Amino acid sequence: MSTQRVLPQSKETLLQSYNKRLKDDIRSILDNFTEIIKTAKVEDETQVSRATQGEQDHYEMHVRAANIVRAGESLMKLVSDLKQFLILNDFPSVNEAISQRNQQLRTLQEECDKKLTALRDEIAIDLYELEEEYYSSSYSLWDGADLPLCEAFHRRDSCASPGTSTGTSADGMEDIAGPVSQESTPGNLNGHSTNAAEHP
Amino acid sequence: MANDRLRALEDVEKEIAVILQCAGNIILELSKEKHNASLLDRQLAQFTSAVNRVESELSSQIRYLTQVATGQPHEGSTYSARKDCQMALNRAEYARIKLGELGRTCEVLLDPQT
Numbered sequence: 001m002s003t004q005r006v007l008p009q010s011k012e013t014l015l016q017s018y019n020k021r022l023k024d025d026i027r028s029i030l031d032n033f034t035e036i037i038k039t040a041k042v043e044d045e046t047q048v049s050r051a052t053q054g055e056q057d058h059y060e061m062h063v064r065a066a067n068i069v070r071a072g073e074s075l076m077k078l079v080s081d082l083k084q085f086l087i088l089n090d091f092p093s094v095n096e097a098i099s100q101r102n103q104q105l106r107t108l109q110e111e112c113d114k115k116l117t118a119l120r121d122e123i124a125i126d127l128y129e130l131e132e133e134y135y136s137s138s139y140s141l142w143d144g145a146d147l148p149l150c151e152a153f154h155r156r157d158s159c160a161s162p163g164t165s166t167g168t169s170a171d172g173m174e175d176i177a178g179p180v181s182q183e184s185t186p187g188n189l190n191g192h193s194t195n196a197a198e199h200p
Numbered sequence: 001m002a003n004d005r006l007r008a009l010e011d012v013e014k015e016i017a018v019i020l021q022c023a024g025n026i027i028l029e030l031s032k033e034k035h036n037a038s039l040l041d042r043q044l045a046q047f048t049s050a051v052n053r054v055e056s057e058l059s060s061q062i063r064y065l066t067q068v069a070t071g072q073p074h075e076g077s078t079y080s081a082r083k084d085c086q087m088a089l090n091r092a093e094y095a096r097i098k099l100g101e102l103g104r105t106c107e108v109l110l111d112p113q114t
């Protein structure tokens, strides 16, 4: 009986073994149960004494009941093996499970990135105002290496409309990353020219 | 789809327990001096139907696997989607940490007592 549990090489042999196990276990349950019911019948004529016959029937019923339980356990093991085989080899359902999981993960990733992008846009707006305020104040320590966000926008606007004046200080012209004063924002001119004057 | 088949197999496991339960109840009832015939009939009907259901369900599962199984290993994976999602969550976590630091810096600067 144990040799039937050795794993066969091919899937056909494996599935045939599953079929055989199923048939054997169901047959075992039904036969043993039928025999128990037959043994329960009280017979008047016995070859041995009634006590001996009773003991024999008692022992036989015990063994048959144990056979029924063993067959039930074997069926549970068969169901467990079938579940395992299904998980590993049922490609249509595995493909569907993979595509569902991929879809869920992609949705989560897109939602995350969408919220991050919205957050970035909001913070960029606030940062623009903050930088304008900071770089136009006298507390700024800007050295001209990094272009502030507000200046980047100013430069972009001036490139888009070349008719406007592009600078009022020579320092600003020489320094590539220097500030670009705009007639449209006269409030910044004082601060930027002050900064330009502070450069060596 | 996969869950339906696995759920069906779990129902089969419950049916096997019902088979053993009914067999035990029938023999218990027969051991009494006075049998309850209606209970015996009910239990026997339940036993027979459970055995038939288990056999038919397991046979159909084995037939389906015979048609579907190839013997080759499945090489699909969700690794790339998981990695992309993990990176997105890392980006969000990093942004949260940086905003937290910014918030604490602003609180420190605005609070004159610290």
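Going down the list, the sequences are from chains S and W. Once you know that position 185 of the first sequence is 185 in full-length UniProt numbering, the rest is easy, because the numbers rise by one and skip nothing. Once you know that position 94 of the second sequence is 94 in full-length UniProt numbering, the rest is easy, because the numbers rise by one and skip nothing. Quick reminder that beta carbons are idealized off the backbone N, C-alpha and C, glycines included. All of these numbers come straight from a predicted model, not from anything done at the bench.
So residue i contacts chain S; which residues on that side make the cut at Cβ distance below 9 Å?
i       : result
W:Asp84 : Leu105, Arg106 and Gln109
W:Ile27 : Phe33, Ile36, Ile37, Ala40, Met61 and Ala65
W:Leu39 : Here the premise fails: no neighbours, minimum Cβ distance about 15 Å.
W:Leu9  : Val79, Ser80, Leu82, Lys83 and Leu86
Note down, in chain order, every chain S residue with its Cβ under 7 Å from the Cβ of residue i.
i       : result
W:Gly76 : Val94, Asn95 and Ile98
W:Ala50 : Simply none; closest approach about 10 Å.
W:Gly71 : Ser10 and Lys11
W:Thr66 : Leu15
DSSP three-state label for residue i, please.
i        : result
S:Tyr128 : helix
S:Val48  : coil
S:Tyr139 : coil
W:Asn25  : helix
S:Asp90  : coil
S:Val42  : coil
W:Ala69  : coil
S:His154 : helix
S:Gly72  : helix
W:Ser80  : helix
W:Lys14  : helix
W:Lys34  : coil
S:Ser10  : coil
W:Glu75  : coil
S:Asp113 : helix
S:Lys31  : First, the residue type needs correcting, since residue 31 of chain S is Asp and not Lys in the sequence shown. Residue state, collapsed to three classes: helix.
S:Asp25  : helix
W:Asp41  : helix
W:Asp4   : helix
W:Asp111 : coil
Going by the beta-carbon positions, is the gap between residue i and residue j smaller than 9 Å?
i        : j        : result
S:Leu75  : W:Leu58  : yes
W:Thr70  : S:Asn89  : yes
W:Ile62  : S:Leu30  : no
S:Glu73  : S:Thr39  : no
S:Glu151 : S:Tyr135 : yes
S:Ser28  : S:Ile68  : yes
W:Glu15  : W:Ala50  : yes
W:Leu65  : S:Leu15  : yes
Under a Cβ-count criterion, where at least 16 other Cβ atoms within 10 Å of its own Cβ denotes burial, should residue i be classed as buried or exposed?
i                      : result
residue 177 of chain W : Because chain W spans 1 through 114 in this model, residue 177 of chain W falls outside it and cannot be assessed.
S:Arg156               : exposed
residue 207 of chain S : One cannot answer for residue 207 of chain S here, as it falls past the ends of chain S, which runs 1 to 200.
W:Asp41                : exposed
W:Gln67                : exposed
S:Gln100               : exposed
S:Asn102               : buried
S:Glu133               : exposed
W:Ala23                : buried
W:Glu33                : exposed
W:Ile97                : exposed
W:Ala81                : buried
W:Asn52                : exposed
S:Asn32                : buried
W:Val108               : exposed
Please look up how many angstroms separate the CB atoms of residue i and residue j, rounded, as I've assumed it's under 8 Å.
i        : j        : result
S:Leu82  : S:Tyr18  : 7 Å
W:Asp84  : S:Gln109 : 5 Å
S:Asp25  : S:Leu78  : 7 Å
S:Glu35  : S:Arg64  : 6 Å
W:Ile26  : W:Gln43  : 5 Å
W:His74  : S:Phe153 : In fact, because the Cβ distance is near 53 Å, the residues do not count as touching under 8 Å.
S:Ile123 : W:Thr78  : So it is not a contact: roughly 33 Å between Cβ atoms.
W:Glu29  : W:Leu39  : 6 Å
S:Cys112 : W:Ala92  : 5 Å
Taking Cβ-Cβ distances shorter than 7 Å, what residues in chain W pair up with residue i?
i        : result
S:Tyr18  : Ile62
S:Lys77  : Result: empty, since nearest Cβ-Cβ is about 11 Å, beyond 7 Å.
S:Leu130 : None at all; the shortest Cβ gap to chain W is about 11 Å.
Taking Cβ-Cβ distances shorter than 8 Å, what residues in chain S pair up with residue i?
i       : result
W:Ser59 : Asn19 and Leu22
W:Arg5  : Leu86, Asp90 and Ser93
W:Ala45 : Those do not exist, as W:Ala45 stays about 14 Å from chain S at its closest Cβ, beyond 8 Å.
I want to verify the contact list: residues of chain W whose CB lies under 8 Å from the CB of residue i, in sequence order.
i        : result
S:Leu127 : Residues of chain W passing the Cβ test: none, with the nearest at roughly 11 Å.
S:Leu112 : The question names Leu, yet the displayed sequence has Cys at residue 112 of chain S. Those are Cys85, Ala88, Leu89, Arg91 and Ala92, listed as they occur along chain W.
S:Val69  : Leu20
Between residue i and the ligand SAM, is the CB less than 8 Å from at least one heavy atom?
i       : result
W:Pro73 : As for the ligand SAM, it is missing from this structure, which has no ligand bound.
Can you list the residues of chain W that residue i reaches, using a CB-CB cut of under 9 Å?
i        : result
S:Arg101 : Thr78, Ala81 and Arg82
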